[in-house]
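K.L.:
One structure is given below, represented as structure tokens, and several questions about it will come after.
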Amino acid sequence: MQKEIFLPFAKPSIDDETIAEVLDCLKSGWLTTGPRVQRFADALKTYLKTSHALPISSGTAGLHVALLALDLQPGDEVITSAMTFVASLNTIVLAGAKPVLVDVEPHTYNIDIRRLERAITPKTRAIMPVHFAGLAVDLDPLYEIAKIHNLRIIEDAAHAIGTFYKDKIIGSFGDTQVFSFHPNKNMTTGEGGCVTTSDPTLAHTVQILRFHGIDKTNAWNRFAKGGSQHYDVVAAGFKYNMMDIQAAIGLHQLNHLEDFIARRTLLANRYLKAFAGWPQFQLPQSPAYSNRHAWHLFAPLIVPEKAGLSRDEFMTAMAERNVGTGLHYTAPHLFSFYQKHYDYRVGDFPHAEHIGEHIVSLPLFPDMTEAEQDHVIATIAAIFNRKLA
Ligand SMILES: Cc1ncc(COP(=O)(O)O)c(C=O)c1O
């Protein structure tokens, strides 16, 4: 039953063309932001059908500068999901506002829109929904609420490159979105991300803030022949630019993204079929509205009373059998920083807490073979003392 080689829960697919592109980039002598980042930005703009696509050094950096572009003032509030990676909350704090959490729906793990409306106060400036695991938040009612209350929306789309809400790809409509290209995500640039927006002013601010506050689109080019060494600095900006080495990876990843998602979908459906009716798991569920799940994560909840072990014990049992799993995520209001500074307490967001205690990400990546997946399923059946059909 034990595999000799550890099967990770996530692994990027890097082909020879990508490696060749990275080598070409290294040999070209232009390693940092340059022509490949420009090509990558153009390719993302086309794929996401957006008016502005701004590659950046990480999803976290993208959330940070997109929030800063809203010019939040002390006391301003930004509403986000109680079940997310802590970067969603941290960036709200770093942008000078208060993160106001709203509990999630127990079955989609996405922010509960009815509760969200009750969390709006006169200090609320923006909403940051999170498309958890690659499943789109119900955006029509959310944008409706934002319109009524005159709020901005920054979609944390870290999990959602290639996700569709109804018949539209995330990034192609609405206000602002931030994607992540961390190696565990559906496509990668090593580290990296992208801000998309329909707002030219926000796009301009992000462009300035991601590179030292320099107000000049081609400042990266200043050392090249014909590039100008002169520029103005209009803000104390960051060093959040993406490198050409990263874009070299991203260009090829984007070419393969639809195939990656098709493969993830096939594997996710195989899991759903294999585990159907197992009382030990509560499986991911589909919402009523149409969507295309990008399956960044396949993350059921363990039901300890039926499984005979806790989520953490399950993860340990899997690791002992050489199968990797992931924990996405502990409910972030339980971290000491948020308890100390924002007065959050155990019990504040029961659904997020329940999910955070029971969720487990199973191996899911495009290069995983069906035989490897069958091994994962058999390993889980053995841990649960189940006979496979
Ligand atoms: C929901 C969410 N938001 C933001 C981020 C930050 O992205 P990055 O790792 O690219 O900084 C992540 C990364 O895992 C995430 O899962």
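The opening residue of the sequence shown carries number 311 in this note's numbering; numbering runs sequentially from there.
For every residue, glycine included, the Cβ atom is placed at its ideal position computed from N, Cα and C.
Keep in mind the model is a prediction, meaning the values are calculated, not measured.
By DSSP, does Ser646 sit in helix, in strand, or in coil?
P.N.:
Here residue 646 refers to the residue found at position 336 of the sequence shown. DSSP places Ser646 in helix when its eight states are reduced to three.
K.L.:
Taking the alpha-carbon positions, what's the Val656 to Glu387 distance?
P.N.:
By 1-based counting over the sequence shown, the position of residue 656 is 346. By 1-based counting over the sequence shown, the position of residue 387 is 77. Near 21 Å, if we compare the C-alpha coordinates of Glu387 and Val656.
K.L.:
State the start and end residues of the unbroken alpha helix (DSSP H) segment that holds Gln517.
P.N.:
Taking the first residue of the sequence shown as position 1, residue 517 is located at position 207. 510-519 is the extent of the alpha helix (DSSP H) around Gln517.
K.L.:
What residues in its chain sit with their C-beta under 8 Å from that of Asp334, if we drop five residues either side in the sequence?
P.N.:
Reading the sequence shown from its first residue, position 24 is the one you call residue 334. Excluding sequence neighbours, Asp334 sits near Ala558.
K.L.:
According to DSSP, which residues form a beta bridge with Pro409?
P.N.:
As a working note, residue 409 is residue 99 in the sequence shown. Per DSSP, Val388.
K.L.:
Look up Gln487 in the DSSP assignment and say whether it is helix, strand or coil.
P.N.:
In the sequence shown, the residue the question calls residue 487 occupies position 177. In the structure shown, Gln487 sits in a strand (DSSP, three-state: E or B).
K.L.:
Just to confirm the assignment, what range does the alpha helix (DSSP H) spanning Ile437 have?
P.N.:
Your numbering for residue 437 matches position 127 in the sequence shown. Unbroken run through Ile437 is the beta strand (DSSP E), 434-438; no alpha helix (DSSP H).
K.L.:
Is the beta carbon of Val388 within less than 7 Å of some heavy atom of ligand 1?
P.N.:
On the sequence shown, position 78 is the one that residue 388 refers to. Not so, every heavy atom of ligand 1 lies at least 7 Å from the Cβ.
K.L.:
I'd like to confirm something about Leu373: is its beta-carbon nearer than 7 Å to some heavy atom of ligand 1, or not?
P.N.:
As a first step, residue 373 must be located in the sequence shown, where it is residue number 63. Because some heavy atom of ligand 1 lies under 7 Å away, the Cβ of Leu373 counts as near it: yes.
K.L.:
Just the Cα atoms here: how many angstroms apart are Thr679 and Asn565?
P.N.:
Residue numbering aside, residue 679 sits at position 369 when the sequence shown is read from its first letter. Residue numbering aside, residue 565 sits at position 255 when the sequence shown is read from its first letter. Rounded to whole angstroms, Thr679 to Asn565 spans 21 Å at the Cα level.
K.L.:
Hey, out of Val670, Asp677, His492, whose CA is closest to Ile690's CA?
P.N.:
Along the sequence shown, one-based indexing puts residue 690 at 380. Per the Cα distances, Val670.
K.L.:
Mind checking Gln556: buried by the 16 CB within 10 Å criterion, or exposed?
P.N.:
Here residue 556 refers to the residue found at position 246 when the sequence shown is read from its first residue. Answer is buried; the Cβ neighbour count reaches 16.
K.L.:
Is Ala456 near ligand 1 - that is, is its Cβ less than 7 Å away from at least one heavy atom of it?
P.N.:
What you label residue 456 is simply residue 146 of the sequence shown in a count that begins at 1. Answer for Ala456: no, Cβ out of range of ligand 1.
K.L.:
In the DSSP assignment, what are the bridge partners of Ile464?
P.N.:
Start at 1 with the first residue of the sequence shown, and residue 464 comes out as number 154. Paired residue(s): Thr486.
K.L.:
Just confirm the distance between the C-beta atoms of Tyr652 and Pro409, as a whole number of angstroms; I'd bet it's less than 8 Å.
P.N.:
By one-based count along the sequence shown, residue 652 stands at place 342. By one-based count along the sequence shown, residue 409 stands at place 99. Indeed they touch by this definition, with Cβ atoms about 7 Å apart.
K.L.:
Should Glu314 be counted as a contact of ligand 1 given a C-beta to heavy atom distance under 7 Å?
P.N.:
Position 4 of the sequence shown, counted from the start, is the residue given in the question as residue 314. No, the Cβ of Glu314 stays beyond 7 Å of every heavy atom of ligand 1.
K.L.:
Strictly by DSSP, which residues pair up with Leu611?
P.N.:
Position 301 of the sequence shown holds residue 611. In the DSSP output, where bridge partners are listed per residue, Leu611 has Gln592, Ile669.
K.L.:
What is the C-beta distance between Ala700 and Phe659, in whole angstroms, given that I count them as a contact (C-beta under 8 Å)?
P.N.:
A query on residue 700 cannot be resolved here, the shown segment of the chain reaching from 311 to 699 and no further.
K.L.:
Does Leu364 come out as helix, strand or coil in the three-state DSSP assignment?
P.N.:
For this step, residue 364 is matched to residue 54 along the sequence shown. Three-state DSSP puts Leu364 in a strand.
K.L.:
Roughly how many angstroms separate the alpha carbons of Arg574 and Gly444, rounded to a whole number?
P.N.:
Residue numbering aside, residue 574 sits at position 264 when the sequence shown is read from its first letter. Residue numbering aside, residue 444 sits at position 134 when the sequence shown is read from its first letter. Rounded to the nearest angstrom, the two C-alpha atoms are 11 Å apart.
K.L.:
Measuring alpha carbon to alpha carbon, tell me which of Glu568, Gly618, Asp622 ends up nearest Gly634.
P.N.:
Locating residue 634 in the sequence shown gives position 324, where the first residue counts as 1. When each option's Cα is compared against that of Gly634, the closest is Asp622.
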